Structure formats: C-alpha cells, structure tokens
Amino acid sequence: MNGPMDTILSLALLSILFSFASSRLPGLIKVLAFQGVVVSIVPLFAGHHLSIGSLVFTLTTLVIRGFAIPLCIYMVIKKVSIAREVEPIVGYHASILAGLLLIVGATWAGHRFDLPVNTNSQLLPPTAISLLGAGMFLLMARRNAIAMVLGYIMMENGIYLVGTTFSMRALHIVEFGILLDVLAGVMIMAVMLQNIKQTFDDVDTARLRTLKE
Amino acid sequence: MIESILLWTLAIVSAPFFAAVILRVKAFFGGRKGSPLLIHYYTLAKLFKKGSVYSTSTTLIFKLGPLVSLGTAITALLFFPMAGRPPVVSFSGDAIFVFYLLGLGRFFTIAAAMDTASPFEGMGAAREAYFPIICEASMFMVSILFYRLTGELSLSAFFSGNQPAQFWSTAGSPMIFVIIALFIILLTENARVPVDDPATHLELTMIHEVMVLDHSGPDFGLIELGAFSKLFLYSAFIARLICPFDFVHPALDVALFAAAVLLVYIAVGLVESVMARYRMDRVPKFVLTSFALVFFAAVITLEFAK
Amino acid sequence: MVEIIFVIPLLTGVLAFFLPRNIGRSLLVITGAIHLILSGIIWAGKPEPIFPEYFAITPEGMLSLIVISLLFFLISIYTTSYLNISNIRSESVFTGSMLLFLSTMTMVTLSDHIMVMWIAIEATTLASAPLIYTHRSAVSLEATWKYVLICSVGIAMALLGSVLITVAMDMGNVNAPLSFSALSGIARHLDPLWLKTGFVFILVGYGTKMGLAPMHTWLPDAHSEAPSPASALLSGVLLNCAYLGIFKTNKIMHAAGLSDFSGPILMIFGLASIMAAATFILKQTEYKRLLAYSSIENMGIIAFGTGIGGLAAYGAMICLIHHSLIKSSLFLTSGNILMGFGSQLIEQTGNLANRMPRTFIALFSGFAGISGFPPFGIFIGELFILFGAFKAGHYVGATLFMLSLCVIFAGFANNIMKISFNPSEATIRIPESAALIWPQYILLGTSVLLCFWMPETLVQTVLLAVTTVGGGF
Chain A
1 MNGPMDTILS LALLSILFSF ASSRLPGLIK VLAFQGVVVS IVPLFAGHHL
51 SIGSLVFTLT TLVIRGFAIP LCIYMVIKKV SIAREVEPIV GYHASILAGL
101 LLIVGATWAG HRFDLPVNTN SQLLPPTAIS LLGAGMFLLM ARRNAIAMVL
151 GYIMMENGIY LVGTTFSMRA LHIVEFGILL DVLAGVMIMA VMLQNIKQTF
201 DDVDTARLRT LKE
Chain B
214 MIESILLWTL AIVSAPFFAA VILRVKAFFG GRKGSPLLIH YYTLAKLFKK
264 GSVYSTSTTL IFKLGPLVSL GTAITALLFF PMAGRPPVVS FSGDAIFVFY
314 LLGLGRFFTI AAAMDTASPF EGMGAAREAY FPIICEASMF MVSILFYRLT
364 GELSLSAFFS GNQPAQFWST AGSPMIFVII ALFIILLTEN ARVPVDDPAT
414 HLELTMIHEV MVLDHSGPDF GLIELGAFSK LFLYSAFIAR LICPFDFVHP
464 ALDVALFAAA VLLVYIAVGL VESVMARYRM DRVPKFVLTS FALVFFAAVI
514 TLEFAK
Chain C
520 MVEIIFVIPL LTGVLAFFLP RNIGRSLLVI TGAIHLILSG IIWAGKPEPI
570 FPEYFAITPE GMLSLIVISL LFFLISIYTT SYLNISNIRS ESVFTGSMLL
620 FLSTMTMVTL SDHIMVMWIA IEATTLASAP LIYTHRSAVS LEATWKYVLI
670 CSVGIAMALL GSVLITVAMD MGNVNAPLSF SALSGIARHL DPLWLKTGFV
720 FILVGYGTKM GLAPMHTWLP DAHSEAPSPA SALLSGVLLN CAYLGIFKTN
770 KIMHAAGLSD FSGPILMIFG LASIMAAATF ILKQTEYKRL LAYSSIENMG
820 IIAFGTGIGG LAAYGAMICL IHHSLIKSSL FLTSGNILMG FGSQLIEQTG
870 NLANRMPRTF IALFSGFAGI SGFPPFGIFI GELFILFGAF KAGHYVGATL
920 FMLSLCVIFA GFANNIMKIS FNPSEATIRI PESAALIWPQ YILLGTSVLL
970 CFWMPETLVQ TVLLAVTTVG GGF
C-alpha cells in the first residue's frame, strides 16, 4: 500500500466520499476537478509501456478533465447564477454511509474479476467500480441539474479508468471514444442548462416534472 | 514499572500545561500577549482552595460526577504506553476497556448534569450524549483496523515500541486518514472548536461547558483536571502515530513524545484560531466525516493486509 | 465506396444549416432520394467499403439500411408539406439536424468496428437532440433534457461494455481487429466472464437507447414532444439502430456459445418492456404518448424474440421491419391529427372518421397493423415469435406475452375509437393534401405487400442475419 498507484487510487476513492458530502456546487465541482486530475494520471503509474503518443494523450486528458471541464461548468454556474445547493434527495449523512457501503461492495466485487494485466495495484478494480456506482448515485440522489451532470462526469472517470488500465494494449480509438463522450456530453448538457435556466429561471430538475405518468 | 508510574504521574501533572499551550496559540493569532503557560495550575489551585456550593435539589449523583470523570480519565491513562514505554497496567482487550471507562466518565457527567434539573444542563447533556455516539463508532473502527493489523487488542500493543512505525509500513497512506479521523474525534470528545467553543459565554450554544455550570470550587477543579487528562490521552494517541520513532533510550523517547504531543496541542490551537464553531446541525456531518475516513482507511488497508 | 452513403447526408446536413427555407426543404427530399438510390445500389451490388476495418456490409445492416432509406424518403416528402403548415421558427436547424440524423443512423447500420458503432450511436443522440427541442417550449426542453441525460448515461454504459470486450480479448490473448465480424469468428477464445459482463453493459446501454424497460422513461416524452416527422424517424429508425448494437453483440455471444446467458437476459428485458407498456398504455391521455408506448412494446417483442432464438428470432426480424414501416406511418398520421385539431390530448379530438376521412384510414389501418392483425406483417412476426416460444418451451413467457398483448390491444383500441368516433365540435385547421397522406399509405402498403410476398433476396438476407444469433426455421 505504499506504491504511488495505491495512493493515487485511494485519493480517488476519498474524493467520492467528499463529493457525497458536498452540499454546495462550487465545492462539488472542485472535488470533481481533483478527481479528474487524479484519475487522469493513473495511466502514468500503471506500469504499461508509455509511448510519446499516450503521454500526450494522458496530458491532454488531464487538462480537459482536471481544468477545462470543471472551469466550463463553473462558468455556467456563474453565468446563470443558479442556486448553489445541490438539493439532495438522499441526505448527506445517508449519502456518506451509502458511499462507504459502495466502496465495500466494490472491493468485494472487484476480486471476482481477473485482470489481463498485472496492474501492480489491487485497488484498481474497486476504484473503477466505485466511481461508476458513485456517478450513478449522484445522478439519482441529487435534484440539481448541474449535480447530475457532475455525476455523469464521475461515471465517465470510472470508465476512463477501466479503459486505460484494464486493457493491455492502449487502443487509441477507445481512449478517443471516451474523451469524445465526455466532451460531447458536457457540451450539450451545458447548452441545455442555459436553456433550462432561460425557460424556467432555475435549474432544479424538480421543475422538469410536467411530463410524467 | 516505576518508570511507567513516573511517566503516568508526569502525564497527569503536565496535562494542564499542555492545555495552556492552546490558549497561547490562540492568543498569538489574536494578536494578544496571552495568559501565562502555568495559568491552569493557578486556576486549579484557586479552585481547590474554595468551598463547594450544592443546590438543595441535587443528590449524591451530582457529587459523584466530578470524581468519576476525573477517576476514569486518569485510570484510562494508566493503560497508555507513554512515549512507547510499557504502560502501568495492560491486559488483552484493554482497548475496549479504556473506551468504556471514558464512556462511564461521560455517563456520570451527563447524570450529574441531569441531576441539577436545569434545562440548560439537560440540553447540554443531550448533545453530549448524541455526538460521541458517532465518535464511538469511529473509535471502534480504529480499534478494528489496528486489531487486524496487529492481531492484539490492547493499547500497549497498538502504541508501544515501534508498532506505530509498523502501521505506517503495512498500511501506508491510509494512516493519514486515521490520524485525521482521530483528530476529529479529539476535537469532538473534548468539546473543542469547531464542535463546541470552550470560550463561549452563551449557554444555548454550549455542550460541555453548560453541563458543568453548577459545579463549583474543588468539584469544578476535578472536572477541569479530568478534562485535561482526557485531552492528553487523545493527543497521545495521535502523537504516537505522527511520531512513530523508537530510540530505545528513555529520555530521548520522552522528549520526542512530549514534542509530538505539543505539536498536536498546537494543531488544536490552530484549528481554534482559524475556524468558527459549526452550527449545531452541521456537527454530526463533521463527526461522521471521521467515521467515513477511518472506515475507508480500514477497507482499503485490510485489502492489503490479506 | 460504401461510405459515401453517409457522407452525402452529412455534407448536405451541414449545408442545410446555412441555406434558406425553400432550398433546405428540397435538399431534404433530394438527399432522401439519393440515399434511397444508393442503398438500392448497395443491395444490388454489395460494393466494398474503403475502410474495411471500420465498416462492413452485413445482412442485418442492409435490412436496416433499406428501411432507413425508404422511411426517410417518404418522411422527407411529408416534411415539406408539414413545414408549410406548422410553424417552426428555426427551420434550417430542423432540416440540418434531420439530415445529420440520417447520416449518423446510416453510419450505425454500416459500422462493423465496436467503437465506431458506439461513436455513431452517440452521434445519433447529439444529432437528434435539436429535433426534439424544435418547439422551444418548456415541455420540449424537459423532454430533451431527459433524452440527453438518460441516453448519455446509457451510452456511457455501452462504452464501458465495449471496453470490457477489449479486456475479454486481452484475457483470451486474442489478437484481432476490434470488429464485430472478426470477434464473431474467434469468439470462443474470448474470456467468457468479461464477455458476459461486457454484454450486460452493452445491453443496458443500447437498451436505454432502444427503449427497453426499465430504462425507457425518456422515450414517451421525447417521442411526444418532437415534431411528428422527427418522431417517426426516432421511433421507426433510431430504435432499430440501437437494436442493431445489441444484435451484433449478441452475435458474438452466440458465436462464443454463450447464448444460454444472453438469451434469457434479452427475454427478461423484452418481457419487462412489454409489460411496462401494457401497464402504462391503459391510462394515456395523449395519442403521441400512446404510440410511444406502443414502440416500447414492440421493442420488447423484438428483444423477446431475439432472446428465444430459432423461429422467434426470425419473427423478431420481421417485426423489426414492419414496426418501422407501420409506426412511422402512425406518427406521421398523428402529425396530421395534431395539425388538424391543434392538441395532443385524445379528449380534444374526435369524429376523425368524418372530419379527416383519409387520415382516419391511415390511422385505423396503422392501428390494426401495429396490434398484429393481418394483412399487416407484424401479425406474421408475432405469430413466429409465439411458435418459437412454445417450441423452446417458454410457456410462462409466452403466456405473459399474449396477456400483455391483449391488454395493450384493449388500451389502444379504446383510445383509437375515441379519436375516430367520439363527437367533436372542433374545426379542422388543415386540408388533407396528398403529401400528408400518401407517405403513410405507401408505408402501410409496403407492410401489406411484404406480408403476402417477400422477395427471395429479402428472405435470404433475413435468414442470413438471424442464423448468426441462432435463428431460422
């Protein structure tokens, strides 16, 4: 547990708990930015052979995930000056406990799978699973539209972790796809957020409740 | 054995001194000269010279409260390996015994506060009963973690010799989370900022201070001394973890240990200087953070201890 | 040179954003016609793709392609009249997005590489989001938000599934291109555990896009809020594209000998969708939502049939084709009703049989077709699925299937009767011009025609497609 990889991954896990406890959007965005940085640098320590291409790719991801996207969302918040509360459906205490259970569950599940590569860290599968689960949790347990977008980004972080470290050969098209996904998703959601703000004067998704059964 | 008893006595005697360090740090940040480092000794001496006043509505419980809280605190210190040297008493499972000793002390403080039938003290008692429940959960999580790492369940096994250093080598970075969690527990259990403000003068917002409003003279002195000892115990936990070195030479060890304890107290003073007290409803989240941290540390550490 | 078929709409789509209204409309029809011709050429000649590692012509792709072409051409004709009548503020965005949507969907049908397939399906989401938001109202915004958010999450799941398949390749020490056709060939060398996990994620991911319950919640909103031509495309073609992703992954599973695992999962999702549709269809108050739930039902039927395999898989393929034809005609018809009565509520409509007789014929025969009555093709498809289910011994599944179909028919019939024969005082706002009627008639006619006479090449292609997932007679 003293390798750099484990430390990085445990920081990523810790960021999940902090994101569950954050009640304010700026705080949540900062946690996500931190998580983006941490997750992006994992491939550097994964023990794969690093070519110049993948190094450049990793750095680009770092900039996009760690700085560009959080900054973009932060600007949206500033611009539309929306409520800063994340409006939880599940309370913060329950969220933290759920996060802990999630990590335990992910640790348990992570051992069921053999990895094709020797990743020099046992924390990798649990972290990836936790990130995915935590993203889903934020999507479901927060009513604020931006918090939901952040949950989506967290899920993408998990997928990035799976895509870049589980597989032996760095399939560039896979990495490209992941980057494209998060970029496109965030962009279109940012545009949507602006429209929601204009139409409803708020980004609480509780307002988006007219269409239902 | 004699060395252990000496160290134990020294710990109790020096506890008020360390507590004064916190005041000094706060004074420094407030730009004041601050009270002398021996202030608490003067206060204690003054209190013991006074007589006690008892309300006619109180019973024996009220008088027992201070005695038990001091007694449990200094008994708990008996089990702690000061500076990594062997403790005065130790048996397998004493870690749990110590937690429950402290719980007993808290129970009597609460009972004494309720005994006065003052609404303020009842309010304080309710809070005092609520927040440490979560603390207890994290404390037990810490012991589970340490138990899994050492295979034993006693404070001497956890903190004596070079065991703290071994924690670092087996568990690694999650130990940082354990330390942060322990620090949060320290702040909560000892009613420090940001959970409770010992300097506040508004009963509505107090936790610990409001419970001892009716104690006076020697009784209050006993409570103060008990509080200092308890704070020392928690600081000693952290001190052993942040400074896990073992030089075998007693004098060096003691000096280093004292320096580490001093560091913890300074940290408490720093926190008190830069933070404000939390609103009551935000305290549980703060305390829960400690539980989350240590639980998290336990999960990922046990992953590697397999 | 296969790629040209999706490059052309891509270019015209981008162009349409900058063109004035009239040219944009004709561009829509012209591109539709070119697309139809090109897919005819592909059927006739089977040309080679320029990037064989990314694109390939597969039987299931060809089936979807010809359906897309036909539908888009007819819908584009309808759209020109539709745009004349309805008041759409940013028409260039609408036509441009329609063309980009066509391009991305065509790309889905042709893609063979797992990641290209995924990128194409992601692109369909991006291209269709502006279509749903065309009306710029609060509800359409809500529908778009749901659509984008839920589908993005779903697509992210599918991405994870695709990544896990590469892990399965690594585990099995397989060195092959990451394409469906290559992987089907060497599927037995893939690591089964990772492959199964990957399949589940892809099924959930693309299943979200396809409208399988319980991930279907975006579908009724999106389909009811989009303008009718866009709804017709969404329901008739987009769902097929998502199904294609599942179908191709299922192909790998079948080749790996894991159809015992994938089949029941598909059946469960399928039955869940049929039953969810049966539950919700009874109390619908809007006719477009009614049609949307019927889409969920049909996607459930198709997944159910594919999961059973054998005769049922053949039936599922038939259902897929006919559902596209009939459902898109129904959505176009619903556009007429909406324009005629000016309301989406069933209550506000009525007496369609006398007020809009030609629309009534399209609606009623479409209703008969979608409910599985002969002479429409879905009848044959559902019959095959039932035969297949009984033959494979899935008695409980088959019973639930039939019961749900009855409930859905009841709910559907009730509402269609209201629209058709209830008294109504409303004044009809539009004339029933030929362009607003004939596309539906042609679609329904095609379905009837294919029910009685299927060209030999079509039968062969369907058989070729379904044998890869263990289907056939």
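Protein chains in written order, with my numbering: chain A, 1 to 213; chain B, 214 to 519; chain C, 520 to 992.
C-beta: ideal position from N, C-alpha, C; glycine also.
Remember, predicted model here, so these are calculated numbers, not experimental data.
Excluding the 5 residues preceding and the 5 following residue i in the sequence, name in chain order all residues of the same chain whose CB lies nearer than 8 Å to its CB.
i	result
R540/C	L602, E610, S611
I77/A	L25, P26, I29, R84, I146
State the Cα-Cα distance for the pair residue i and residue j, rounded to the nearest angstrom.
i	j	result
I29/A	F537/C	37 Å
A505/B	A404/B	20 Å
F470/B	F137/A	44 Å
G335/B	D494/B	18 Å
A675/C	I479/B	49 Å
N870/C	Q198/A	40 Å
V31/A	M520/C	48 Å
G896/C	E816/C	16 Å
E85/A	S23/A	6 Å
F441/B	A94/A	34 Å
A795/C	A917/C	16 Å
T804/C	F931/C	11 Å
L446/B	F293/B	8 Å
V635/C	A642/C	10 Å
P571/C	T577/C	12 Å
E87/A	M354/B	31 Å
Looking only at its own chain, which residues have a Cβ that is under 7 Å from the Cβ of residue i, when we skip the five neighbours before and after it?
i	result
I899/C	I837, C970
N195/A	none
Nearest to residue i by CA position, among the options, is which residue?
i	options	result
T502/B	A289/B, T401/B, L475/B, A378/B	T401/B
L629/C	I587/C, V658/C, T653/C, R948/C	I587/C
A887/C	V981/C, A657/C, A639/C, L810/C	L810/C
V512/B	Q379/B, L395/B, L362/B, L444/B	L362/B
N157/A	A184/A, H111/A, L179/A	L179/A
R808/C	G896/C, A662/C, F699/C	A662/C
S130/A	I41/A, M154/A, E87/A	M154/A
M295/B	C348/B, G374/B, A339/B	G374/B
W664/C	L13/A, L14/A, A128/A, V186/A	V186/A
L358/B	S303/B, G385/B, Y267/B, A468/B	G385/B
N694/C	L709/C, M786/C, G551/C, A761/C	L709/C
A994/C	G829/C, R877/C, F766/C, G551/C	Chain C is shown only over 520 to 992; residue 994/C falls outside these bounds and no answer can be derived.
S616/C	R544/C, M626/C, G543/C, A646/C	A646/C
Does the beta-carbon of residue i have 16 or more other beta-carbons within 10 angstroms, so that it is buried, or is it exposed?
i	result
I215/B	exposed
M921/C	exposed
P914/C	The identity of residue 914/C in the sequence shown is Tyr, whereas the question assumes Pro. So Y914/C ends up on the exposed side.
V461/B	exposed
L530/C	exposed
K846/C	buried
D740/C	buried
I524/C	buried
Q379/B	exposed
Q122/A	buried
A563/C	exposed
L864/C	exposed
For residue i, I'd like the list of residues in its chain whose CB is within less than 6 Å of its CB, leaving aside the five on either flank, ordered along the chain.
i	result
V90/A	A141
G819/C	G789, S792, I793
A751/C	I594, S847, F850, L851
I252/B	A233
A881/C	T852, Q959
P407/B	M488, R490, Y491
L621/C	P528, F591
Residues of the stretch 100 to 117 of chain A with Cβ closer than 7 Å to any Cβ of chain B, in chain order = L100, I103, V104, T107
Which residues, in order along the stretch 62 to 87 of chain A, keep a beta-carbon less than 9 Å from a beta-carbon of chain C?
-> Here the close residues number zero.
Short-range partners of chain C found in the stretch 134 to 164 of chain A, where Cβ spacing is below 7 Å | L139, M148, Y152, M155, E156, I159, V162, G163
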